[in-house]
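Residue numbers (the working numbering): 187 to 284.
Where is the CB? At the ideal position from N, CA and C, for every residue including glycine.
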């Protein structure tokens, strides 16, 4: 199974985009971004979405087909999706009460 950082690095190199270009879009330094791409730090859903925008691809294309999502809080992919869903759901409930 290819990991997300490997997929991102391969796509970035195919497009001849430098790490510092993506780092700037993420609002971080190139060394900090390098840690993401090397897999030494956790990549969040927000990072994947912003990287996909720079690479001009659907974020889904940066995920392996057989990815296992860990639920370890808001910084995991699934944890962040659950957070967004709850925010949307409770937002709807509050609007109905008004």
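Rounded distance between the beta-carbons of residue 203 and residue 240, thought under 8 Å: 7 Å
Apart from the five residues on each side of it in sequence, which residues of its chain come closer than 8 Å, Cβ to Cβ, to residue 221? 227
Identify which residue in 225, 272, 246 has its Cα closest to the Cα of residue 189. 225
Can you list, in chain order, the residues of its chain whose CB lies under 7 Å from that of residue 201, leaving out five sequence neighbours each side? 241
Ignore the nearest five residues each way along the sequence and tell me which others in residue 235's own chain have a CB closer than 6 Å to its CB. 245
Within 10 angstroms of the Cβ of residue 194, are there 16 or more other Cβ atoms? Answer buried if so, exposed if not. buried
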